[in-house]
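Residue numbering for the sequence shown is 32 to 320, as defined by the numbering used here. Using N, Cα and C, we set each Cβ at its ideal position, and we do this for glycine too. These notes are about the structure you will find just below.
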Amino acid sequence: MSTQVPALLDGLVDDAAVFPPGSATLPDALAAHRRHRAAWYADLVGPLLLPASTVAAGELTGLVDPGEGLVIGLIGDTGIARLPFALSFLAPDGVTARQVEVAVAKRGENPLPGIVELLRLTDAMPGVEAVYAELPLTFGLMGALDALAAARADGVPIAAKFRTGGLAAELFPTPAELAAVICACRDRGLPFKLTAGLHQAIRHLDPETGFTHHGYANVLAAALAAADGERMETVAELLTVVDPRPLLERASARLDAPRPLWVGFGSCSILEPLTDLIRLGLVNGGYDA
Numbered sequence: 032m033s034t035q036v037p038a039l040l041d042g043l044v045d046d047a048a049v050f051p052p053g054s055a056t057l058p059d060a061l062a063a064h065r066r067h068r069a070a071w072y073a074d075l076v077g078p079l080l081l082p083a084s085t086v087a088a089g090e091l092t093g094l095v096d097p098g099e100g101l102v103i104g105l106i107g108d109t110g111i112a113r114l115p116f117a118l119s120f121l122a123p124d125g126v127t128a129r130q131v132e133v134a135v136a137k138r139g140e141n142p143l144p145g146i147v148e149l150l151r152l153t154d155a156m157p158g159v160e161a162v163y164a165e166l167p168l169t170f171g172l173m174g175a176l177d178a179l180a181a182a183r184a185d186g187v188p189i190a191a192k193f194r195t196g197g198l199a200a201e202l203f204p205t206p207a208e209l210a211a212v213i214c215a216c217r218d219r220g221l222p223f224k225l226t227a228g229l230h231q232a233i234r235h236l237d238p239e240t241g242f243t244h245h246g247y248a249n250v251l252a253a254a255l256a257a258a259d260g261e262r263m264e265t266v267a268e269l270l271t272v273v274d275p276r277p278l279l280e281r282a283s284a285r286l287d288a289p290r291p292l293w294v295g296f297g298s299c300s301i302l303e304p305l306t307d308l309i310r311l312g313l314v315n316g317g318y319d320a
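Next up, the structure:
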């Protein structure tokens, strides 16, 4: 039996082990990430996501062999202006930041000033392949997407990022809201990344919080439908289903092709989404937990 991760799922899950609810220590997260990178499912795993505050505090020093070629994603918890400072700590430890992710506004704020500030700093982030501007799903969203699309058309490697969960109900977009965002990105040729709430493959109610979570298999099918030019109503419907069969039908037909639109999501566990993917038959293989 082949254990190769299909092209459709390549790099789908970024390693967010140090973030809640996992909240692993940095040494433990690094050790686990090395195991993931050496495992048969390594192609599923994106970079290790680390807060800029951790990097700027020098906490990687002494924990990383400069020769191992560690690749991370830098999460701008210290704000946009401090991103170049945090990035300056990586090269001496032989670490590369493949991507930078930062919120450009809070809910209800105009995101355009933050986008302008972030765009001014992209030249100060050499070697970064992708910059993700996290946008609140509130005021000024479509104008913000227009600004990102215009910058991307000018050659800036910038894309969008959205939050799909958290500690409050308003942080969970409805299927209609998320479908509108996916289709808006499709219409602008703008890749997007998601964060929070995508704990399982299929849409489900979390009995502990009472929140209904989006499933990442739902998002995958929705992104495929959007990329195929289907209507927003169809995309929204795929985000609502709890029967995996229509989701698997869409994904299974595209396993050998690169994933369109949706870059992926961060998860504090790699093995949990992997287990779901194996259970659904999208990945063939097994692992030693």
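- Bounds of the beta strand (DSSP E) holding Gly297 are Trp293 to Ser298.
- With 16 or more other CB atoms across the displayed protein chains lying within 10 angstroms of its CB, Ala254 is buried.
- Taking all protein chains in view, the Cβ of Asp45 is crowded by 16 or more other Cβ atoms within 10 Å, so the residue is classified as buried.
- Beta-carbon to beta-carbon, Arg194 and Ala227 are separated by about 5 angstroms, close enough to satisfy the 8 angstroms threshold.
- Here Lys224 is buried: its Cβ has 16 or more other Cβ atoms, across all protein chains shown, within 10 Å.
- By the criterion of a C-beta distance shorter than 7 angstroms, Glu90 is surrounded in its chain by Leu57, once the five residues flanking it on both sides are discounted.
- For Phe116, the three-state secondary structure derived from DSSP is helix.
- Ala178 counts as buried, since at least 16 other C-beta atoms from the protein chains shown sit within 10 angstroms of its C-beta.
- For Glu165, the secondary structure class from DSSP, reduced to helix, strand or coil, is strand.
- Of the candidates Ile146, Asp185, Leu305 and Ser54, Ile146 places its Cα closest to the Cα of Leu172.
- Its Cα nearest to that of Arg281, the residue Leu269 stands out among Ala136, Leu269 and Ile189.
- Nearest C-alpha to Lys137 among Gly312, Ile111, Arg183 and Thr153: Ile111.
- Counted as a single uninterrupted DSSP element, the beta strand (DSSP E) harbouring Gly77 occupies residues Val76 to Pro82.
- By the criterion of a C-beta distance shorter than 7 angstroms, His245 is surrounded in its chain by Thr195, Leu209, Gly228, Leu229, Arg234 and Leu270, once the five residues flanking it on both sides are discounted.
- In the three-state reduction of the DSSP assignment, Leu255 falls in the helix class.
- In this model, Leu81 and Ala63 are separated by some 14 angstroms (Cα to Cα).
- Under a 10 Å Cβ-count criterion, Asp96 is classified as exposed, with fewer than 16 other Cβ atoms of the shown protein chains found around its own Cβ.
- In the structure shown, the three-state DSSP call for Ala88 is coil.
- In the structure shown, the three-state DSSP call for Val159 is coil.
- Around the beta carbon of Leu105, a 10 Å sphere encloses 16 or more other beta carbons of the protein chains shown; the residue is thus reported as buried.
- With fewer than 16 other beta carbons inside 10 angstroms of its own, Glu264 counts as exposed.
- For Thr127, same chain residues with a beta-carbon under 8 angstroms away, outside a window of 5 residues either side, are Gly100, Leu101, Val102, Ile103, Leu121 and Gly158 in chain order.
- Out of Gly77, Arg262 and Gly312, the CA that lies nearest to the CA of Ile213 is found in Arg262.
- Look at the stretch 195 to 223 and you find these whole runs of alpha helix (DSSP H), each 4 residues long or longer: 206 to 219.
- Under the three-state reduction of DSSP, Arg129 is assigned to strand.
- Taking 9 angstroms as the cut-off, the Cβ atoms of Tyr247 and Phe296 count as close.
- The criterion of a C-beta distance shorter than 9 angstroms is satisfied by Pro142 and Leu166.
- Distance from the CA atom of Ser300 to the CA atom of Leu75, rounded to whole angstroms, is 12 angstroms.
- Between the beta-carbon of Leu236 and that of Leu176 there is about 30 angstroms, and that puts the pair past the 8 angstroms contact cut.
- Under DSSP, no beta-bridge partner is assigned to Ile146.
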